[in-house]
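Colleague: Using our numbering, the first residue of the sequence shown is number 37, and each one after it goes up by one. This is the structure, below, for whatever I ask next.
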Amino acid sequence: MTRKNLSLVIAFGFLALIGIISVQMYWIRSAYNQNKIRFEQNLNKALNQIANDISRQENAFFGLDALDQLQLDNATTILNVSSDTSENVIWTAQKIDDSKNLDIQVSRINVPSNNKKKDKKIIVRNFGNNITITQEFRLDSLKDKNHLERELTVSAITILKKDSLLSFYQSRIDSVRNLLDKSDINISNKQKDLNKTMAELLLDIQSVTQPFGERIPADKLQNSIERAIKQYDLPKIYAYAVTNEDHQKVEFKTENFTLDDFEKAYSISLFPQSFLPRSDKLFLIFLGRNPLLEQMIWPISLVFIFTLILLASLLIIVNNLLHHKKLSAIKTDFINNMTHEFKTPISTIQLASDSVMNEQVLHEPEKIGYFIGMIKRENKRMNALVERILQLAQMEKKSFELVKTEIDIHELIEAVAETAKLKIEEIDGKLALLLKAEQSMLLLDEMHFTNILFNIIDNAIKYSSPPLLIEIETNIKNNQFVLCIKDNGQGMSKETMSHIFDKFYRLTEGNVHTIKGYGLGLSYVKTIVDKHHGRILVRSELGVGSRFEIRLPLKIN
Numbered sequence: 037m038t039r040k041n042l043s044l045v046i047a048f049g050f051l052a053l054i055g056i057i058s059v060q061m062y063w064i065r066s067a068y069n070q071n072k073i074r075f076e077q078n079l080n081k082a083l084n085q086i087a088n089d090i091s092r093q094e095n096a097f098f099g100l101d102a103l104d105q106l107q108l109d110n111a112t113t114i115l116n117v118s119s120d121t122s123e124n125v126i127w128t129a130q131k132i133d134d135s136k137n138l139d140i141q142v143s144r145i146n147v148p149s150n151n152k153k154k155d156k157k158i159i160v161r162n163f164g165n166n167i168t169i170t171q172e173f174r175l176d177s178l179k180d181k182n183h184l185e186r187e188l189t190v191s192a193i194t195i196l197k198k199d200s201l202l203s204f205y206q207s208r209i210d211s212v213r214n215l216l217d218k219s220d221i222n223i224s225n226k227q228k229d230l231n232k233t234m235a236e237l238l239l240d241i242q243s244v245t246q247p248f249g250e251r252i253p254a255d256k257l258q259n260s261i262e263r264a265i266k267q268y269d270l271p272k273i274y275a276y277a278v279t280n281e282d283h284q285k286v287e288f289k290t291e292n293f294t295l296d297d298f299e300k301a302y303s304i305s306l307f308p309q310s311f312l313p314r315s316d317k318l319f320l321i322f323l324g325r326n327p328l329l330e331q332m333i334w335p336i337s338l339v340f341i342f343t344l345i346l347l348a349s350l351l352i353i354v355n356n357l358l359h360h361k362k363l364s365a366i367k368t369d370f371i372n373n374m375t376h377e378f379k380t381p382i383s384t385i386q387l388a389s390d391s392v393m394n395e396q397v398l399h400e401p402e403k404i405g406y407f408i409g410m411i412k413r414e415n416k417r418m419n420a421l422v423e424r425i426l427q428l429a430q431m432e433k434k435s436f437e438l439v440k441t442e443i444d445i446h447e448l449i450e451a452v453a454e455t456a457k458l459k460i461e462e463i464d465g466k467l468a469l470l471l472k473a474e475q476s477m478l479l480l481d482e483m484h485f486t487n488i489l490f491n492i493i494d495n496a497i498k499y500s501s502p503p504l505l506i507e508i509e510t511n512i513k514n515n516q517f518v519l520c521i522k523d524n525g526q527g528m529s530k531e532t533m534s535h536i537f538d539k540f541y542r543l544t545e546g547n548v549h550t551i552k553g554y555g556l557g558l559s560y561v562k563t564i565v566d567k568h569h570g571r572i573l574v575r576s577e578l579g580v581g582s583r584f585e586i587r588l589p590l591k592i593n
């Protein structure tokens, strides 16, 4: 894949991811707005229900909510007496159901002989356990329609039992100035509304003069709020207060409602239909997390998690693409370097073979032996290179096994150091051994561990300048055997250190063969150390040198 195509693939991938995230954010925002509208609608319904409950409870307190009207038959006889007559009327009232309605029946009526049938209506007002009965007349006719006067004295009747009662209603007609004749007098609905309005106005006057706490008990207010909260599925953790509009007088307040909550609380006027101005308001606030976000916490969390997974997957894919592209370039570099490595021994072998075949050399055994030795050395070098590549393939497949034996690692280090001294001394370098570990017997694969020591020392030699100093030190720390190989070479940058264990990675790039090696040594070192259940750590600084630290457990299973 070319660099241009790779850039396009990465750009389209991130563009698609941004598009998906944008659509998800739009859906979340739309769902949030819909939930907000639904929440506000339910909240308004709940507040209105609370206000209506409070209003009804206040009406019940003053008795208007229990107002029932009962009307007798239109043909009921009405009193029709002369102005100097006083008559008593006795009524019987009996409760016929569990409601507040009363069935009013006429039990005895004393009337003069000239009585005419009239219509009469009985109104019953229930104030708790007290009943007030008022009599109203609807006259069929009036002899003098311009004059109608009557005075009624009404007494309150007390209920003795809830299931039945006997009430007496006594009404005295003191005077009648004119004789009545048949005439239709209908009590209009406007007059009824006027009576109701006057009653409500009277209630408002009484409410203004009486404190809210005496009219509405705290437990009933709490019950009204709880019912509304439950009915409209609102958050269960809340606080409230009842106060006037400017918050100067607080009638009710829960402990968790503070003065600062007034500004952010939802509010409603408790008596909006009152005739007289009343500033009683209910303030309600929900505690804890945002109720709208709380409802959407799981969908938002899942969207966030899946988006992160998608983003992580895309980053991994992009990283792998870049890694493979870089690996491809490194492999190309490796092939170029390997070509140089194979070309040199092949050319040497070819030259030595031609020299052996020369007629002048055929008669000189010493020269023949020299050229044959050269051919063997170069052949051995190529075999070692092929063996290293095969080992790398085995490590890649993880198909090889270590042959561990109990060996003295100090003796192994000394043997490797003895061999490496020859190369180090050629460049006027020094090798120092500081073998301080008290315990040196470990289970190791001798061949592979010898190779990793040679690899690290060879790197120190290749990437150094005279005078070279290499120190090999051993210690026991935290029940681990610690082997340190330190040099004063050119050191490495942080970028180089992050790739030194990658296969085919070399400090120099391109196809210029300036540094010997194949980029396989340190990758091989790390694989062998891992196989021994150990760790390898690297510290390096440009211009100062590098320090490789290998940590091995003292007991390896």
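C-beta atoms are modelled at their ideal positions from N, C-alpha and C, and glycine is treated no differently.
Along the chain, where does the beta strand (DSSP E) that runs through Ile-566 open and close?
Modeller: Here residue 566 refers to the residue found at position 530 of the sequence shown. Just to set this straight, residue 566 is Asp in the shown sequence, not Ile. First-last for Asp-566: 557-567, but that is the alpha helix (DSSP H), not the beta strand (DSSP E).
Colleague: Would DSSP call Gln-526 helix, strand or coil?
Modeller: Sequence index remark: in the sequence shown, residue 526 carries index 490 (1-based). In this structure, Gln-526 counts as coil in the three-state DSSP scheme.
Colleague: Here's the rule I'm using: 16 or more other beta-carbon atoms within 10 Å means buried, otherwise exposed. How should Asn-491 be labelled?
Modeller: Here residue 491 refers to the residue found at position 455 when the sequence shown is read from its first residue. The residue is buried, with at least 16 neighbouring Cβ atoms inside 10 Å.
Colleague: When you compare only the Cα positions, how much space is there between Ala-468 and His-360?
Modeller: To locate residue 468, count along the sequence shown from 1; it is residue 432. To locate residue 360, count along the sequence shown from 1; it is residue 324. Rounded to the nearest angstrom, the two C-alpha atoms are 41 Å apart.
Colleague: Taking Gly-570 as the reference, give the member of Leu-504, His-535 and Ile-488 with the closest Cα.
Modeller: Counting from 1 along the sequence shown, the entry for residue 570 is found at position 534. Measuring from the Cα of Gly-570, the nearest candidate turns out to be Ile-488.
Colleague: With Arg-583 and Arg-575 assumed to form a contact (beta carbons below 8 Å), what rounded beta-carbon distance in angstroms separates them?
Modeller: On the sequence shown, residue 583 is found 547 positions in, with the first residue counted as 1. On the sequence shown, residue 575 is found 539 positions in, with the first residue counted as 1. About 4 Å; that satisfies the 8 Å criterion.
Colleague: Shortest alpha-carbon distance to Asp-464 belongs to which of Pro-502, Met-374 and Asp-269?
Modeller: Mapped onto the sequence shown, residue 464 falls at position 428. The option with the nearest alpha carbon to Asp-464 is Pro-502.
Colleague: Just to confirm, are Val-580 and Ile-572 a CB contact at a threshold of 8 Å?
Modeller: Counted from its first residue, the sequence shown places residue 580 at position 544. Counted from its first residue, the sequence shown places residue 572 at position 536. For Val-580 and Ile-572, no; Cβs fall outside 8 Å.
Colleague: Check for me: the beta strand (DSSP E) holding Asn-487 runs from which residue to which?
Modeller: Position 451 of the sequence shown, counted from the start, is the residue given in the question as residue 487. Run containing Asn-487: none in the beta strand (DSSP E); it sits in the alpha helix (DSSP H), 482-498.
Colleague: Considering only the alpha carbon of each residue, which of Asn-356, Glu-509, Lys-457 and Lys-289 lies closest to Ser-476?
Modeller: The residue labelled residue 476 in the question sits at position 440 within the sequence shown. Nearest option by C-alpha distance: Glu-509.
Colleague: Below 8 Å on the Cβ atoms is my guess for Ile-304 versus Leu-83; work out the distance and round it to an integer in Å.
Modeller: Numbered from 1 along the sequence shown, position 268 holds the residue referred to as residue 304. Numbered from 1 along the sequence shown, position 47 holds the residue referred to as residue 83. Between Leu-83 and Ile-304 the Cβ distance is about 4 Å, and since that is below 8 Å, they are a contact.
Colleague: Any idea which residues DSSP pairs Ala-87 with across the strands?
Modeller: Stepping through the sequence shown from its first residue, residue 87 is reached at position 51. Answer is none; Ala-87 lacks a bridge partner.
Colleague: Going by DSSP, what residues sit across from Tyr-274 in a beta bridge?
Modeller: Along the sequence shown, read from residue 1 onward, the residue named residue 274 stands at position 238. BP columns for Tyr-274 point to Phe-322.
Colleague: Specify the secondary structure class of Gly-581 as computed by DSSP and reduced to three states.
Modeller: For the purposes of this step, residue 581 is identified with residue 545 of the sequence shown, where counting begins at 1. It is a strand residue.
Colleague: On a CA-only basis, which of Ile-321, Ala-473 and Leu-347 is nearest Ala-301? Give me that one, please.
Modeller: As a first step, residue 301 is located in the sequence shown; it is residue number 265 there, counting from the start. With distances taken between Cα atoms, Ala-301 lies closest to Ile-321.
Colleague: So what's Ala-301 in DSSP terms, helix, strand or just coil?
Modeller: Counting from 1 along the sequence shown, the entry for residue 301 is found at position 265. Ala-301 falls in the coil class under three-state DSSP.
Colleague: Would you mind listing the beta strand (DSSP E) stretches within the segment 437-483 that are 3+ residues and don't spill past its ends, in chain order?
Modeller: The qualifying runs are 441-444, 466-471 and 477-480.
Colleague: Kindly indicate which residue of Leu-350, Glu-330, Phe-517 and Arg-263 has the alpha-carbon position closest to the one of Phe-75.
Modeller: As a first step, residue 75 is located in the sequence shown; it is residue number 39 there, counting from the start. Comparing Cα-Cα distances from Phe-75 to each of Leu-350, Glu-330, Phe-517 and Arg-263, the minimum goes to Glu-330.
Colleague: Output the boundary residues of the alpha helix (DSSP H) element that contains Glu-395.
Modeller: What you label residue 395 is simply residue 359 of the sequence shown in a count that begins at 1. That run of the alpha helix (DSSP H) goes 395-398.
Colleague: Run through the DSSP bridge pairs and tell me what Val-45 is partnered with.
Modeller: Taking the sequence shown and counting its residues from 1, one reaches residue 45 at position 9. Per DSSP, none; premise fails for Val-45.
Colleague: Between Lys-457 and Ala-388, what straight-line distance do the alpha-carbon atoms span, to the nearest angstrom?
Modeller: Stepping through the sequence shown from its first residue, residue 457 is reached at position 421. Stepping through the sequence shown from its first residue, residue 388 is reached at position 352. Those two C-alpha atoms are separated by around 30 Å.
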